[in-house]
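Residue numbers (the working numbering), protein chains in the order written: chain A, 197 to 414; chain B, 142 to 279. Beta carbons are placed, not taken as given, at the ideal position from N, Cα and C, and that holds for glycine. Everything on this sheet refers to the single structure shown next.
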């Protein structure tokens with residue numbers, strides 16, 4: 197290898213390392229910023245109206261901002277459920293809404309209405325299962341989501357009346373305000389006891405939950 | 142190291158820095174590229190491979206193949222720069238759907254516009270390539 201070939205190889209290596217270091221530094225900065233933001237607005241993470249799964253007094257709280265039309269949220273639902281199975285007494289899940297896709301707000305309102313009929317989780321699972329049918333991002337078909345909810349045993353007529361109530365509109369508004377304050381721009385966004393993920397991923401979530409569980413062991 | 146080859150190496154380094162920056166801004170910082178940005182990327186990304194191989198194997202023809210891409214890049218980045226500067230009426234923007242090319246947040250590092258950087262990079266690459274080709278022509 198002559199000196200020219202060597203210089204090309206060395207420069208390529210330097211560029212690659214600089215790129216990776218840049219990614220690491222940038223993600224660190226973003227995580228710190230989000231952590232501070234979450235600490236400043238801790239009261240915005242959980243609201244009275246937010247649906248909760250798992251023991252009320254669990255030491256570890258996973259807050260998930262999710263969008264019923266988001267594929268990754270659908271993929272993460274069983275992952276989060278598995279985590280809860282793994283720590284049945286230590287972890288609870290709080291769901292928040294981030295209706296970023298068109299049509300999502302209507303589905304969110306339906307979910308909230310389902311809560312009144314005590315069918316929240318059944319309807320949520322049915323709507324997520326049917327997501328590929330109704331949640332085409334260019335052309336969502338909310339009617340199909342409603343159908344799926346009906347299959348879960350929801351009284352659709354009653355639910356749709358409830359869904360247009362100002363109380364449910366207020367819930368949605370509150371969640372949108374909170375996600376703006378917390379700088380949530382992607383779904384799903386997780387906070388585990390107020391701490392954001394270092395970078396997005398299944399493993400990172402599992403690790404953060406494990407850390408928090410270990411921290412709160414008596 | 143002879144001097145003309147250093148010029149070629151410099152063009153390659155510029156393309157590497159530009160490509161890495163574009164990927165960083167797009168993929169790591171999450172800024173979605175608009176249509177015009179994509180066209181500039183199409184002109185810039187291949188330069189990393191073409192000029193890289195040209196430097197590695199000391200092949201003068203690499204510069205010949207790279208030059209049209211660099212010139213196309215100047216045209217596209219020039220158009221984009223005029224667009225954000227407001228010299229071209231917005232009605233002419235070819236990318237109304239998706240991310241807007243003129244209204245997008247394009248400023249990084251205290252107001253340096255990304256299209257300026259793109260234009261500067263293409264200018265340097267094209268200029269250096271022309272000098273290199275002149276110096277090495279027999």
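Going by DSSP, residue 225 of chain A is part of the alpha helix (DSSP H) stretching over 199-236. The region 197-205 of chain B and the region 242-261 of chain A do not touch, with fewer than 3 CB-CB distances between them shorter than 8 Å.
Taking the Cα positions, residue 348 of chain A is about 18 Å away from residue 274 of chain A.
Under the three-pair Cβ rule at 8 Å, the region 251-265 of chain B counts as touching the region 203-217 of chain B.
No Cβ of chain B is located within less than 8 Å of the beta carbon of residue 396 of chain A. Counting only runs of 4 or more residues that sit fully inside the region 175-213 of chain B, the alpha helix (DSSP H) segments are 176-197, in chain order. Closer than 8 Å to the CB of residue 265 of chain B there is not a single CB belonging to chain A. In the structure shown, the three-state DSSP call for residue 258 of chain A is strand. Listed by position along chain A, the residues whose Cβ is nearer than 7 Å to that of residue 148 of chain B form an empty set, because the closest Cβ is around 13 Å away.
Contact check for residue 169 of chain B against residue 189 of chain B fails: the beta carbons are separated by 8 Å or more.
For residue 287 of chain A, the enclosing beta strand (DSSP E) stretches over residues 287-293. Minimum Cα-Cα distance from residue 297 of chain A among the listed residues A:354, A:269 and A:199 corresponds to A:269.
Close partners of residue 170 of chain B in chain A (Cβ separation under 8 Å): 222. Residue 327 of chain A is positioned such that its CB atom lies closer than 8 Å to that of residue 265 of chain A. A Cβ of chain B is located within less than 8 Å of the beta carbon of residue 218 of chain A. Distance from residue 181 of chain B to residue 218 of chain B at the Cβ level is roughly 6 Å; contact confirmed, criterion being Cβ atoms closer than 8 Å. By DSSP's assignment, residue 249 of chain A forms a beta bridge with A:289. Neighbourhood of residue 215 of chain A in chain B, by CB distance below 8 Å: 161, 164 and 165, in chain order. Residue 388 of chain A: member of the beta strand (DSSP E) spanning 385-388, first to last residue. With 16 or more other Cβ atoms inside 10 Å of its own Cβ, residue 322 of chain A counts as buried.
Look at residue 229 of chain B here: in three-state DSSP terms it is coil, with no helix or strand label. Straight through space, the alpha carbons of residue 248 of chain A and residue 394 of chain A are spaced by roughly 24 Å. Contact check for residue 403 of chain A against residue 355 of chain A fails: the beta carbons are separated by 8 Å or more. About 10 Å separates the beta carbons of residue 271 of chain B and residue 152 of chain B, which is beyond the 8 Å limit, so they are not a contact pair. Per DSSP, the beta-bridge partners of residue 392 of chain A are A:387. Here the alpha carbon of residue 378 of chain A sits roughly 49 Å from the alpha carbon of residue 147 of chain B.
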